[in-house]
Structures are given as C-alpha cells and as structure tokens.
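K.L.:
Submitted below is the structure of interest, expressed as structure tokens.
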Amino acid sequence: MPMKVTVIGLGYLGATHSVAMSKLGHQVIGIEQNPEKLAELQAGRAGFFEPGLDQALKEELASGRLSFQSNHNADSAEAEIHFLCVGTPQTEGSLAADTSYLYSAITDLAPLLKPGSVVVGKSTVPVGTAKALTEKLSNLTGFEAELAWNPEFLREGTALGDSLRPDRLVIGVNSALAEAKLREVFEPMIASGVPLIVTDLATAELVKGAANAFLATKISFINAMAEIAEVSGADASQLAIAIGYDERIGNKFLRNGVGFGGGCLPKDIRALMARAEELGVGEAVAYLKEIDKINLRRRIRVIDLLKAELGELSGKKVLVLGAAFKPDSDDVRDSPALDIALLANQAGANVLVHDPIALAGVNKKHPELATETDLHQAFDNADAVVLATEWQEYRDLDPKLIADKVNRKFIIDGRNVLDNSLWQTAGFKVVSLGKG
Ligand code: UDX
Numbered sequence: 226m227p228m229k230v231t232v233i234g235l236g237y238l239g240a241t242h243s244v245a246m247s248k249l250g251h252q253v254i255g256i257e258q259n260p261e262k263l264a265e266l267q268a269g270r271a272g273f274f275e276p277g278l279d280q281a282l283k284e285e286l287a288s289g290r291l292s293f294q295s296n297h298n299a300d301s302a303e304a305e306i307h308f309l310c311v312g313t314p315q316t317e318g319s320l321a322a323d324t325s326y327l328y329s330a331i332t333d334l335a336p337l338l339k340p341g342s343v344v345v346g347k348s349t350v351p352v353g354t355a356k357a358l359t360e361k362l363s364n365l366t367g368f369e370a371e372l373a374w375n376p377e378f379l380r381e382g383t384a385l386g387d388s389l390r391p392d393r394l395v396i397g398v399n400s401a402l403a404e405a406k407l408r409e410v411f412e413p414m415i416a417s418g419v420p421l422i423v424t425d426l427a428t429a430e431l432v433k434g435a436a437n438a439f440l441a442t443k444i445s446f447i448n449a450m451a452e453i454a455e456v457s458g459a460d461a462s463q464l465a466i467a468i469g470y471d472e473r474i475g476n477k478f479l480r481n482g483v484g485f486g487g488g489c490l491p492k493d494i495r496a497l498m499a500r501a502e503e504l505g506v507g508e509a510v511a512y513l514k515e516i517d518k519i520n521l522r523r524r525i526r527v528i529d530l531l532k533a534e535l536g537e538l539s540g541k542k543v544l545v546l547g548a549a550f551k552p553d554s555d556d557v558r559d560s561p562a563l564d565i566a567l568l569a570n571q572a573g574a575n576v577l578v579h580d581p582i583a584l585a586g587v588n589k590k591h592p593e594l595a596t597e598t599d600l601h602q603a604f605d606n607a608d609a610v611v612l613a614t615e616w617q618e619y620r621d622l623d624p625k626l627i628a629d630k631v632n633r634k635f636i637i638d639g640r641n642v643l644d645n646s647l648w649q650t651a652g653f654k655v656v657s658l659g660k661g
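In this note's numbering, the protein residues as written are 226 to 661.
Pasting the structure below:
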C-alpha cells in the first residue's frame with residue numbers, strides 16, 4: 226500500500242532515497258532548507274553527477290508522487306514515516322562526526338508528530354545517537370516517540386540501483402509498530418527477495434560503521450602489501466588476484482593504488498575511532514589509525530616517485546588525470562587524486578588537473594590549482610603524468626598520440642589500469658603503484 230513519507234535533507238543520500246521511495250509508489254515530500262539545492266531539485270536536477278538519477282527524478286516529479294519544499298507544513302505533518310537523511314560530516318579539528326544537523330531536524334519535526342508517526346534515521350551516526358535522539362524527541366513531543374534506524378549502503382555512481390536493490394535491508398527498531406511501518410514501506414523490496422535484518426537501534430547504527438571499516442581495511446591491507454611489493458620486486462595486483470580466489474578473502478575491494486577517499490570511508494573510520502574512544506574501548510579499533518595512515522601514505526608515495534624521476538618539482542609540469550574520488554562521480558571530498566594535485570602543487574610543481582566532470586568542484590574549492598577541460602591539450606609539455614582516478618577515457622588513451630605532446634615520457638599509474646606494454650612501446654616509462 227502506498228504511504229505518505231517525508232525525506233529530510235536532500236544531499237546524496239536524501240535525494241536518492243526520495244526518488245527511490247517515489248519509484249516504489251509512495252507519496253514523497255522532500256524537505257531541503259538550502260534554497261539553491263531546493264530550486265535545483267524542483268527543476269529535476271539532483272545538483273550532483275549520479276548516472277540515471279536526474280532522469281529518474283524528472284520522471285518521479287512528473288508522476289505527481291514526488292515533491293520538494295523548504296519546510297514542514299500541514300501536508301508533511303500527515304506523513305506516516307519521516308526519514309532523516311541529513312549529513313553527519315567530520316567535525317572540524319576532531320575525528321568525531323558532527324550530529325548537530327540531526328538534532329535540528331528533529332527539533333523542526335517534533336511539533337508535527339503524533340503518537341504513532343515513525344521517525345527513521347538513515348544518516349551514518351556514532352552508535353548511541355539514535356537512543357539520544359529518541360530521548361530528545363520524547364522530551365520535545367511529550368509522548369514516547371517512535372524512532373528507528375535504517376542505515377543506507379549506497380555507493381556513488383550506482384546510488385539509485387543500490388537504494389532500490391540493496392544487498393540487505395537493516396532496520397533497528399524499538400517497537401512492533403516501527404517494525405510494521407518499515408516492513409510496509411519497504412514491502413516491494415522485501416517481496417523481491419532483499420534480505421531483511423531486524424535488530425536493535427545500536428546494532429543498526431554500528432552495522433554501517435563496521436561495514437565501512439571493513440571495506441577500508443581491505444583496501445589498506447592490499448596497499449600495505451603494495452608497500453612491501455614495491456621494495457621486494459613483487460606485484461600487488463597479482464597478489465590480490467591470487468589471494469582473492471580464496472572465497473574466505475574474496476577478490477572485491479582489493480584493488481591497490483592511491484587509496485580510498487570520498488564522503489564516507491575516511492570520515493566513517495575516523496568517527497568509529499572517536500566513538501569507541503568515548504565509550505572507553507578505543508583500543509578495539511586503534512588499528513584503524515594505521516588503516517588511515519596507510520591510505521594517506523599512498524598519496525605521499527606518488528610525490529616521492531615524482532621527485533625520484535624529476536628531482537626538484539619546482540618549475541616541472543605535472544599533469545594529474547582525475548580529481549573525483551572515483552570514476553562516475555563529480556565528488557571531490559577527501560579525494561586521493563585531488564590531494565596528490567595539492568601535494569605536488571605545494572612541492573612547487575606546475576600542476577594541471579584534468580577530470581571529465583569534477584573540475585567545477587576543484588575550481589571552487591582550490592582556485593590555486595590550474596585545470597584543463599581538453600584532455601589532449603592537457604598533455605602539452607608535461608614533465609610527468611599521474612593517473613589518479615580510473616576514468617574510462619584515461620584507460621582508453623592512445624599513448625602514441627600523446628608521446629609527441631609531452632616533454633618527458635613518464636607516467637605513474639596510480640590505479641593499475643594501464644596496459645604497460647602499450648605505453649612502453651610508445652616510449653613511456655611507466656611506474657605502477659604496487660609493482661616492484
Ligand atoms: C562507500 C561504501 O562502498 C558504501 O557502501 C557506503 O554506503 C558509502 O561509502 P562510496 O563512497 O560511493 O561508497 O565509494 P566506494 O565505491 O566504496 O569507493 C571508496 C573509495 O575506495 C574510492 O576512492 C575508490 O577509488 C577506493 N577503492 C575502492 C580502492 O582504492 N580500491 C578498491 O578495491 C575499491
């Protein structure tokens with residue numbers, strides 16, 4: 226049965242979730258206080274690059290099921306479920322997550338709630354947040370508030386598909402009513418066979434931090450092996466293939482290179498460390514400090530390789546291919562590619578950054594970096610090239626067409642995606658991360 230729901234906070238998570246809920250047939254009211262973001266959404270644009278999302282957004286707006294507004298009103302007060310999708314960024318000057326947007330969202334929401342309306346958190350939060358929010362909400366409403374937690378596992382680049390067909394649905398609930406409402410709203414997904422895990426609030430919150438810590442650990446594990454491979458003549462990519470055949474290990478998330486970035490993995494492992502520390506069990510995840518450090522060392526390694534080849538970087542033109550934290554995304558948050566460009570720039574190089582879609586974000590955040598939209602022109606007189614984000618157009622580059630443009634035929638493959646022999650035949654010296 227279609228339900229009326231609100232989705233509060235329309236960033237990556239909320240915009241995608243509101244479209245997904247509408248696609249399931251629900252009546253969805255998205256609430257976004259940022260006027261520019263709201264205007265974009267009302268015009269059928271998510272405001273960030275996500276394959277298929279703008280198209281789906283336009284279709285759902287046209288269906289009449291989806292609408293966006295800046296604040297709650299009588300219409301949104303009728304919703305049976307309110308999804309909290311606001312951001313929980315890393316706090317400035319600390320590892321901890323900033324949960325203040327959640328508190329302001331429930332303060333705005335409280336006057337609308339009736340006994341029986343269910344508030345469902347989807348944001349990634351430190352374990353214990355849901356309990357604290359429930360208490361706050363009950364104080365504000367004067368009755369026992371129904372708050373549940375339903376973490377989201379979507380990946381950028383495949384966000385809508387991940388929302389509609391997730392590997393699993395996790396719902397943390399305090400009451401039979403909240404469970405029944407969530408089963409109802411996700412009924413089409415459950416009926417299609419998506420596994421459902423019904424648990425308590427704390428477990429539901431922790432699942433997300435645990436999953437991202439595990440994924441980050443896999444990547445840093447293979448990057449740690451890459452450090453050993455580089456000094457011993459081994460090949461970390463082949464090592465990953467070989468260990469990945471063991472089903473207990475698996476071959477996913479074992480691609481070595483410049484490491485992980487984005488709006489989730491780095492901040493989520495830091496938030497988990499901060500929360501464990503607060504709970505007096507910091508040692509349990511102290512190893513994540515090393516995971517973070519291994520990850521950040523990969524960026525420094527690229528700078529060291531540039532210096533080893535070029536000597537002093539000042540006055541040398543370094544072309545960085547990629548700025549987004551991964552392909553099919555224009556997100557430059559905590560991006561290894563962008564960080565490498567900044568580090569090379571700080572070391573005195575004349576850095577030029579190319580990315581098929583993420584340059585607007587670079588120009589806005591880092592006007593000190595020069596950018597180029599024309600890929601072939603970008604190679605002119607380069608002393609070194611760093612492939613830092615594995616966009617398909619970089620994989621498809623023809624080194625023969627580039628050889629005459631560059632000043633020095635030197636390329637660092639930070640993602641292990643190039644055909645080395647092809648580039649070597651064109652006269653390039655190729656350094657692949659993780660290869661001795
Ligand atoms: C991640 C989680 O995958 C997702 O479940 C969660 O909801 C949000 O965080 P996302 O940030 O979109 O999703 O990116 P993901 O595909 O996980 O990649 C994260 C980073 O790891 C990227 O910078 C990527 O380049 C890097 N990565 C990934 C590697 O370096 N090696 C790998 O083998 C895999």
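Cβ coordinates follow ideal geometry from the N, Cα and C atoms, glycine included.
In the region 461 to 505, which residue ranges form an unbroken alpha helix (DSSP H) of at least 4 residues, counting only runs that do not cross its ends?
P.N.:
Within the region 461 to 505, the complete alpha helix (DSSP H) runs of at least 4 residues are 461 to 469 and 490 to 503.
K.L.:
Mapping DSSP to helix, strand and coil, what is residue 274?
P.N.:
The residue you call residue 274 lines up with position 49 of the sequence shown. It is coil, neither helix nor strand.
K.L.:
Does the region 438 to 446 come close enough to the region 498 to 517 that 3 or more CB-CB pairs lie under 8 Å?
P.N.:
The region 498 to 517 vs the region 438 to 446: in contact.
K.L.:
Measuring only from the beta carbon, is residue 554 closer than 8 Å to any heavy atom that is part of ligand 3?
P.N.:
Here the bound small molecules are ligand 1; ligand 3 is not part of this structure.
K.L.:
Whose C-beta lies closer than 8 Å to the C-beta of residue 649 among residues of the same chain, with five residues either side of it excluded?
P.N.:
Here residue 649 refers to the residue found at position 424 of the sequence shown. So the qualifying residues of the chain are 655.
K.L.:
Can you tell me whether residue 478 sits near ligand 1, meaning its C-beta is under 8 Å from at least one heavy atom of the ligand?
P.N.:
Mapped onto the sequence shown, residue 478 falls at position 253. Checking the Cβ of residue 478 against ligand 1 gives yes.
K.L.:
Check each candidate in 346, 595 and 588 and name the one with the smallest Cα separation from residue 577.
P.N.:
Numbered from 1 along the sequence shown, position 352 holds the residue referred to as residue 577. When only C-alpha atoms are compared, the closest one is 595.
K.L.:
Residue 436: beta carbon under 8 Å from a heavy atom of ligand 1?
P.N.:
The residue you call residue 436 lines up with position 211 of the sequence shown. Correct: residue 436 has its Cβ closer than 8 Å to ligand 1.
K.L.:
Which residue spans inside the region 378 to 457 form an unbroken beta strand (DSSP E) run of at least 3?
P.N.:
Complete beta strand (DSSP E) runs here, min 3: 394 to 397 and 421 to 424.
K.L.:
Which stretch, first to last residue, makes up the alpha helix (DSSP H) that contains residue 516?
P.N.:
For the purposes of this step, residue 516 is identified with residue 291 of the sequence shown, where counting begins at 1. First-last of the alpha helix (DSSP H) with residue 516: 512 to 535.
K.L.:
So, at 6 Å on beta carbons, what are the nonlocal neighbours of residue 236 in its own chain, with the 5 sequence-adjacent residues on each side left out?
P.N.:
Along the sequence shown, read from residue 1 onward, the residue named residue 236 stands at position 11. Result list for residue 236: 312, in chain order.
K.L.:
Fully enclosed by the region 290 to 327, which beta strand (DSSP E) runs are 3 residues long or longer?
P.N.:
Qualifying beta strand (DSSP E) stretches, in chain order: 291 to 294 and 306 to 309.
K.L.:
So residue 371 is in the beta strand (DSSP E); what residue range does that whole segment cover?
P.N.:
Here residue 371 refers to the residue found at position 146 of the sequence shown. Segment 371 to 374, the beta strand (DSSP E) holding residue 371.
K.L.:
For a test of the three-state rule: what should DSSP assign to residue 555, helix, strand or coil?
P.N.:
Numbered from its first residue, the sequence shown carries residue 555 at position 330. Reduced to three states, the DSSP call for residue 555 is coil.
K.L.:
Report, in whole angstroms, the separation of the C-beta atoms of residue 282 and residue 271, which I expect to be a contact under 8 Å.
P.N.:
Residue numbering aside, residue 282 sits at position 57 when the sequence shown is read from its first letter. Residue numbering aside, residue 271 sits at position 46 when the sequence shown is read from its first letter. Sure, about 6 Å apart at Cβ, within 8 Å.
K.L.:
What does the alpha-carbon distance come out to for the pair residue 657 and residue 387?
P.N.:
Here residue 657 is taken as the residue at index 432 of the sequence shown, counted from 1. Here residue 387 is taken as the residue at index 162 of the sequence shown, counted from 1. One C-alpha to the other measures close to 31 Å.
K.L.:
Sorted by chain position, which residues of the same chain lie with C-beta nearer than 6 Å to residue 361's C-beta, five sequence neighbours on each side aside?
P.N.:
The sequence position of residue 361 within the sequence shown is 136, counting from 1. Nothing listed; no residue qualifies.
K.L.:
Let me know if residue 619 comes out buried or exposed under the rule of 16 or more other beta-carbons within 10 Å of its beta-carbon.
P.N.:
Indexing the sequence shown from 1 puts residue 619 at position 394. So residue 619 counts as buried.
K.L.:
Got a sec? Which residues, its chain only, sit under 6 Å from residue 455 by beta carbon, not counting five neighbours each side?
P.N.:
Taking the sequence shown and counting its residues from 1, the one referred to as residue 455 is at position 230. Within the same chain, residue 455 has close Cβ partners 661.
K.L.:
Should residue 485 be listed as close to ligand 1, given that the test is whether its C-beta is under 8 Å from any heavy atom?
P.N.:
On the sequence shown, position 260 is the one that residue 485 refers to. Flag set: Cβ of residue 485 near ligand 1.
K.L.:
DSSP three-state call for residue 258: helix, strand or coil?
P.N.:
Taking the first residue of the sequence shown as position 1, residue 258 is located at position 33. Residue 258 falls in the coil class under three-state DSSP.
K.L.:
Out of curiosity, what's the CA-to-CA distance linking residue 273 and residue 580?
P.N.:
For the purposes of this step, residue 273 is identified with residue 48 of the sequence shown, where counting begins at 1. For the purposes of this step, residue 580 is identified with residue 355 of the sequence shown, where counting begins at 1. Rounded to whole angstroms, residue 273 to residue 580 spans 15 Å at the Cα level.
K.L.:
For residue 348, verify whether its CB is less than 8 Å away from any heavy atom of ligand 1.
P.N.:
Numbered from 1 along the sequence shown, position 123 holds the residue referred to as residue 348. No - ligand 1 has no heavy atom lying nearer than 8 Å to the Cβ of residue 348.
K.L.:
How would you label residue 457, buried or exposed, when you count the other beta carbons within 10 angstroms and need 16 or more for buried?
P.N.:
If you number the sequence shown from 1, residue 457 lands on position 232. Per the 10 Å Cβ criterion, exposed.
K.L.:
What are the residues that DSSP puts in a beta bridge with residue 635?
P.N.:
For the purposes of this step, residue 635 is identified with residue 410 of the sequence shown, where counting begins at 1. Per DSSP, 654.
K.L.:
Buried or exposed for residue 453, going by 16 or more other Cβ atoms inside 10 Å?
P.N.:
Walking along the sequence shown from the start, residue 453 turns up at place 228. Label assigned to residue 453: exposed.
K.L.:
Thinking C-beta only, is residue 286 closer than 9 Å to residue 267?
P.N.:
On the sequence shown, position 42 is the one that residue 267 refers to. On the sequence shown, position 61 is the one that residue 286 refers to. Yes; because the gap between Cβ atoms is below 9 Å, this pair is in contact.
K.L.:
Which residues bound the alpha helix (DSSP H) around residue 364?
P.N.:
As a working mapping, residue 364 is identified with position 139 in the sequence shown. It spans 354 to 366 - the alpha helix (DSSP H) in which residue 364 sits, taken as one unbroken run.
K.L.:
Could you check what DSSP says for residue 591 in three-state terms: helix, strand or coil?
P.N.:
The residue labelled residue 591 in the question sits at position 366 within the sequence shown. The answer is coil: DSSP assigns residue 591 none of H, G, I, E or B.
K.L.:
Please state if the CB of residue 541 and the CB of residue 574 are separated by a distance shorter than 9 Å.
P.N.:
For the purposes of this step, residue 574 is identified with residue 349 of the sequence shown, where counting begins at 1. For the purposes of this step, residue 541 is identified with residue 316 of the sequence shown, where counting begins at 1. Closer than 9 Å, so yes.
K.L.:
Cβ atoms of residue 558 and residue 487: under 9 Å apart, would you say?
P.N.:
Your numbering for residue 487 matches position 262 in the sequence shown. Your numbering for residue 558 matches position 333 in the sequence shown. Yes. Within cutoff.
K.L.:
Could you say if the region 462 to 481 and the region 292 to 311 meet the contact criterion of at least three C-beta pairs nearer than 8 Å?
P.N.:
Touching, no, given that fewer than three Cβ pairs across the two stretches are closer than 8 Å.
K.L.:
Judging by CA-CA distance, which residue of 276, 293 and 305 is the nearest neighbour of residue 229?
P.N.:
Locating residue 229 in the sequence shown gives position 4, counting from the first residue. Among 276, 293 and 305, the Cα nearest to that of residue 229 belongs to 305.
K.L.:
Tell me, which residues are paired with residue 252 by DSSP?
P.N.:
Translated into positions along the sequence shown, residue 252 becomes position 27. Answer is 229, bridged to residue 252.
K.L.:
Closest to residue 519 by C-alpha separation, out of 483, 329, 414 and 554, would be which residue?
P.N.:
In the sequence shown, residue 519 corresponds to position 294, counting from 1. Checked all of 483, 329, 414 and 554; the closest Cα to residue 519 is 483.
K.L.:
Within the continuous alpha helix (DSSP H) that includes residue 570, where are the two ends?
P.N.:
Taking the first residue of the sequence shown as 1, we reach residue 570 at position 345. Its alpha helix (DSSP H) spans residues 561 to 571.
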